[in-house]
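Student: When you line the sequence shown up against the numbering used here, it's residues 60 to 258, in that order. Note that CB positions come from ideal geometry on N, CA and C, so glycine has one too.
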Amino acid sequence: MARTRAQDFEEKQRVILDTAAEVFAEQGMEKASMAQVAARAQVSKALLYHYYPSKDALIFAIITTHLEELDASIEEADDPALPPDQRLRRLVGAVLENYRGADNQHKVQLNATAALSDDQKAQVTALERAIVRRFSLVLDQINPGLNDRERPLLMPVTMSLFGMMNWVYMWFKDGGRISREDYADVATTLILEGIKSVR
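1. Could you say which of F194, G253 and R149 lies nearest to M214 if we only look at CA atoms?
2. Following the continuous alpha helix (DSSP H) through N157, name the residue where it begins and the one where it ends.
3. Using 8 Å as the threshold, is the C-beta distance between G152 and E240 below it?
4. Tell me which same chain residues have a C-beta within less than 8 Å of the C-beta of A100, skipping the five on either side of it?
5. Around the Cβ of H109, are there at least 16 other Cβ atoms within 10 angstroms (buried) or fewer (exposed)?
6. Starting from M229, trace the alpha helix (DSSP H) both ways and give me its first and last residue.
7. When DSSP builds the beta bridges, which residues end up paired with N206?
8. What is the DSSP secondary structure of A161, counted as helix, strand or coil?
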């Protein structure tokens, strides 16, 4: 007879994922060990391996959980009925809010992909592309000229916006002189004003 899941399965799983992201972010992907993760999470190695049979499986779970939650937040914030510039601002705000408290997961996503198998990398890439596409569709509405075949600038502009959002963890401090909402306004304005001048 198959074992049934414990009632606190998902809660324990989340603690392990968050703790592992913290360990990987601090120690680096190569130096961090499953034993360190188990000790920090205050679980046995046997329980850790019950949830995640290998280090790459754990890294993969951290990244995909982070990206799936990000995509869900963006989808929830998206409102196609809004004017495109306001719609873009909502999407940017959703990303920056989702990044609140997720610096460790974000570092793992940016730095640990090399540790994954080709199949895992393909799944991560598919998630990332789906997220990027949500933004490129709105930017295309704002300036259809970016998608010109002779000079295709839609993707470079989209990725420039992600550059502003993805590296915010390097300098942004919650409780500082600028809020996430303020920075969402700044990043959106920079893109909106910038693409007006792109020819």
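Tutor: Looking at the coordinates:
1. With distances taken between Cα atoms, M214 lies closest to F194.
2. It spans P143 to N157 - the alpha helix (DSSP H) in which N157 sits, taken as one unbroken run.
3. Yes.
4. The residues are V74, I75, T78, A79 and L107.
5. The residue is exposed, with fewer than 16 neighbouring Cβ atoms inside 10 Å.
6. Here M229 belongs to no alpha helix (DSSP H), and DSSP marks it neither H nor E.
7. In the DSSP output, where bridge partners are listed per residue, N206 has P211.
8. It is coil, neither helix nor strand.
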